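The block underneath contains the structure these notes are about, expressed in structure tokens.
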Amino acid sequence: MFADGLLKGKKILITGGGTGLGRAMAERFMRLGAAVVICGRREDVLADTSKELAAATGGNISWRGMDIRDPDAVETVVGAIFADGPLDGLVNNAAGNILARTETLSHRAFDAVTKIVFNGTAYVTLACAKRWLDLEHKASVVSIITTYAWTGSAYVLPSAMAKAGVLAMTRSLAVEWGGRGLRFNAIAPGPFPTDGAWSRLMPSPEMAHIAETRNPLGRVGEKDELTSLAAFLLADGSAYINGDAITIDAGEWLKGAGQFNFAEMLTDEQWAAMRPGKKG
Ligand code: HXC
46 MFADGLLKGK
56 KILITGGGTG
66 LGRAMAERFM
76 RLGAAVVICG
86 RREDVLADTS
96 KELAAATGGN
106 ISWRGMDIRD
116 PDAVETVVGA
126 IFADGPLDGL
136 VNNAAGNILA
146 RTETLSHRAF
156 DAVTKIVFNG
166 TAYVTLACAK
176 RWLDLEHKAS
186 VVSIITTYAW
196 TGSAYVLPSA
206 MAKAGVLAMT
216 RSLAVEWGGR
226 GLRFNAIAPG
236 PFPTDGAWSR
246 LMPSPEMAHI
256 AETRNPLGRV
266 GEKDELTSLA
276 AFLLADGSAY
286 INGDAITIDA
296 GEWLKGAGQF
306 NFAEMLTDEQ
316 WAAMRPGKKG
């Protein structure tokens, strides 16, 4: 889909890069020539992933243990990353989520999600951006959100509130810092199954099947489809895209929204009966 070396010369930090979609983006960016830094809470996972991706791609990867909920740790780690040379891109990918009836959530449960998604995303973004502004260094930030950042969703309230906040951050900073070389976009993925998300959010095979097939294309997203969009937004050729949230869900959320979309339930006979002169 892209020219070789699309991301050559770029250094990109991916939060939550040890597993799932973060890992898939790391691999793709390496194949496109970027030097990738992955961070996360589990150092053993980061070390294994780095070793495997370096072997698989021959590309450049390093890792740093970093709990994005801890602003001091974020300052220290981002400072150390920049000490080796400035980043050119950041992917806010790390997330947490709880599928639960909202009345069962304690304030600790609420915080467990929002401290990762809302606070953590802001801490990492600001730690990078302050350095970029000081250095007058151009950069692209891509934040992974969800379509329920704008629709809201039952049973995932902390995540919905936090992702809406990340969308607001994206739009706010796109305007505030767009003229200073920093651009901010978001990606709202539909069903891209990963062990992390599916083990937590899909308690039954029936629920997973519905989540995976109810979109107009009737299938899940391929990891490469998501990583292509992220690479595109990080590449210089997309420099005029700033402040947008791009949905990659096969039309899933619109299918749920359009008032008559459910008319797909009608039979051929029922459709025929609707046409003038074709009654009966
Ligand atoms: C009610 C729950 C609960 C549940 C946890 N809690 N699960 N309450 N129902 N199902 C409560 C606990 O009882 C506790 O409250 C509090 O939440 C904190 O729980 P911990 O287990 O101590 O939290 P912690 O270890 O910090 O784990 C954080 C986490 C976890 C968010 C709960 O899932 C996590 O670390 N996730 C990271 C990875 C992840 O979730 N990835 C998927 C993101 S997918 P009390 O009061 O008892 O102390 C995503 C995209 C969605 O976001 C879109 C998909 C289509």
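Just so you know, we're using our numbering here: the sequence shown kicks off at 46 and counts up by one. Note that beta-carbon positions come from the ideal geometry of N, C-alpha and C, so glycine has one too. As the structure is a prediction and not an experimental result, all values here were calculated from the model.
Of the residues assessed, Ala-308 falls on the exposed side of the cut-off, its CB having fewer than 16 other CB atoms within 10 angstroms. Sorting Arg-259, Thr-121, Pro-236 and Ala-219 by C-alpha distance to the C-alpha of Asn-230 places Ala-219 at the top. DSSP, read as helix, strand or coil, puts Ser-185 in strand. Shown here for Trp-108: same chain residues with a beta carbon closer than 6 Å to its own, the five before and five after excluded, namely Ile-83, Leu-91 and Ser-95 in chain order. Excluding its 5 nearest sequence neighbours in each direction, Gly-50 has C-beta neighbours in its own chain below 8 Å: Leu-77 and Gly-78, listed in chain order.
The secondary-structure analysis by DSSP pairs Thr-292 across a beta bridge with Ala-233. The alpha carbon of Leu-274 has as its nearest neighbour, out of Lys-160, Arg-73 and Arg-216, the alpha carbon of Arg-73. With 6 Å as the limit, the residues whose C-beta approaches any heavy atom of the ligand HXC more closely are Ala-140, Gly-141, Asn-142, Ile-143, Ala-145, Thr-149, Leu-150, Ser-151, Arg-153, Ala-154, Ala-157, Val-158, Thr-191, Ser-204, Pro-236, Gly-241, Ala-242, Arg-245 and Leu-246, in sequence along the chain. Between Val-187 and Ile-232 the beta-carbon gap is near 6 Å, inside 8 Å, which marks them as a contact. In this structure Val-169 is not in contact with Asn-138, their Cβ atoms being roughly 10 Å apart against a cut-off of 8 Å. Straight through space, the alpha carbons of Ala-80 and Lys-53 are spaced by roughly 8 Å. Val-201 is positioned such that its CB atom lies closer than 8 Å to that of Leu-144.
About 6 Å separates the CB atoms of Leu-66 and Leu-271; that is less than 8 Å, so the two are in contact.
Under the 8 Å Cβ criterion, the stretch 208-226 does not count as touching the stretch 253-267, having fewer than three qualifying pairs. Just so you know, the alpha carbons of Gly-235 and Pro-261 end up roughly 11 Å apart. Leu-311 sits exposed, since fewer than 16 C-beta atoms from the chains shown fall within 10 Å of its C-beta. According to DSSP, Cys-84 shares a beta bridge with Thr-60 and Arg-109. Selection Ala-172, Ala-157 and Phe-163 evaluated against Asp-117 yields Ala-172 as nearest (Cα-Cα).
Take Gly-61, set aside five residues on each side of it, and the residues of its chain with a beta-carbon closer than 6 Å to its own are Gly-67, Gly-85, Asn-138 and Ala-139, in chain order. Considering only Val-211, Thr-192 and Ala-213, the residue with the shortest C-alpha distance to Asp-294 is Thr-192. In the three-state reduction of the DSSP assignment, Leu-135 falls in the strand class, which pools E and B.
Shown here, Arg-228 sits in a strand according to DSSP, grouped into three states. Where Tyr-285 is concerned, there is no enclosing alpha helix (DSSP H), because DSSP gives it neither an H nor an E.
Here Trp-177 is buried, its C-beta having at least 16 other C-beta atoms within 10 Å.
Cβ atoms of Val-158 and Asn-142 come within 8 Å of each other, at about 6 Å. In this structure, the CA atom of Asp-115 is about 9 Å from the CA atom of Lys-160.
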